[in-house]
Structure formats: structure tokens, C-alpha cells
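In the working numbering, the protein residues as written are 77 to 241. Down below is the structure, laid out as C-alpha cells.
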Ligand SMILES: Cc1cc2nc3c(=O)[nH]c(=O)nc-3n(C[C@H](O)[C@H](O)[C@H](O)COP(=O)(O)O)c2cc1C
């Protein structure tokens, strides 16, 4: 049976939450790896590849860019789907994600799901709260409720994950 693989990086848990939804939606067997566990992946074993991350300080995390570069020869012939969280509005976020990814790997725009993002300041220190405020304002969203998760786009990603090709 076809097998898929998903590699993700999260800081606050949003990407992990989505990775878990993809895992549950997938009809194929799917192996899920947190990039912080430094997985060494034999992509030949897998049919589809999912990579999940968020945008931080207008960049993709270094672990993700290094991973894409280190595995570029294996990934270039693969069906790779990216899901990216970020607070920037849809068009802007899609464009940022597209240009950041293309710096590491030649990526087809259609294979990027830009999903919006959220910040949870519950139980965080005043400094983190102030920083989250700054990030939300920069993205021009309500600092009291920094959440612009695009449920419709997540549903599209899950539908794709649930398909078997
Ligand atoms: C330190 C930090 C920097 C961020 N910088 C950006 C940014 O430059 N652009 C953006 O669209 N979102 C930015 N965000 C928002 C995150 O991409 C968003 O909150 C996402 O849901 C985080 O995913 P995670 O919870 O899995 O870490 C930032 C968030 C944090 C915590």
C-alpha cells in the first residue's frame, strides 16, 4: 500500500495541530516526523511528501530550509505538498511562502497550502504577550485575538490528504 510522509516544524503548536489533522485524514499510511527529532528519511519508501511549517520573522525556520536543501535531490522528483501557517493575510502570505520556498527548492505554487495562523498568549509572560502584540499588529490583525486560520483552506488540504494520489 502507498505510504506518505509528513515532516513538520512548530513553535507554538499550530503546525503540529494541522499535522495531526492530516495524519487523521490520510487514507494512505503516513509516517509523521517532527523535524527537531532530526529524522533521516529515505524518500524512496514514500509516495507523497507533506512538509508543514510556519513563517517566523518573515522567514522559514532554518531547520526546514536546511532540510529542503539537504534533501533537494531526493525531493525534486517527488510529489511534495507544503502547508504553511502565518499571520500575514492570504495573498501576502501565499506570496511570502512561495518566494521563501523557491529559494530552497523549485516549488509549484499549486502545491502550497497557506493556512493563516494563530498566536496563543495564554500563560505567556508579559514580554511574550507584548511581542505577540507586535507580530499581530505587523500582520494587521486584531492583537486581542490573533487568529486568522483559514478553515476552508485547511479543509482543502485534508481533502487532498484523504485522496490517495
Ligand atoms: C516569533 C514569531 C514570529 C512570527 N513572525 C511572523 C511573520 O513574520 N509573518 C507571519 O505571517 N507570521 C508570523 N508569525 C506568526 C506565526 O507564523 C503563526 O502564529 C503560526 O500559527 C505559528 O505556528 P506554530 O504555532 O506552529 O509555531 C510569527 C510568530 C512568532 C511566534
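Heads up, the beta-carbon is just placed ideally off N, CA and C, and yes, glycines get one too. On a predicted model such as this, the values are computed, not experimentally measured, just so you know.
* Asked: Does the count of Cβ pairs from the segment 121–137 and the segment 78–94 closer than 8 Å reach three?
  -> Touching, yes, given that three or more Cβ pairs across the two stretches are closer than 8 Å.
* Check whether the Cβ of residue 89 lies closer than 8 Å to any Cβ atom in chain B. => This model lacks chain B altogether, as it is built from one protein chain only.
* Cβ-based neighbour list, residue 236, same chain, cut-off 6 Å, excluding 5 preceding and 5 following -> none
* With DSSP collapsed to three states, give me the class of residue 208. => helix
* Asked: Between residue 137 and the rest of its own chain, which residues show a CB-CB distance below 7 Å, the 5 nearest in sequence each way excluded?
  -> 85, 129, listed in sequence order.
* **Cβ-based burial, residue 183 [other Cβ within 10 Å; buried from 16]** => Per the 10 Å Cβ criterion, buried.
* To do: Report whether the distance from the Cβ of residue 141 to the nearest heavy atom of ligand 1 is below 7 Å.
  => no
* Hey, would you say the C-beta of residue 108 is under 7 Å away from at least one heavy atom of ligand 1? -> no
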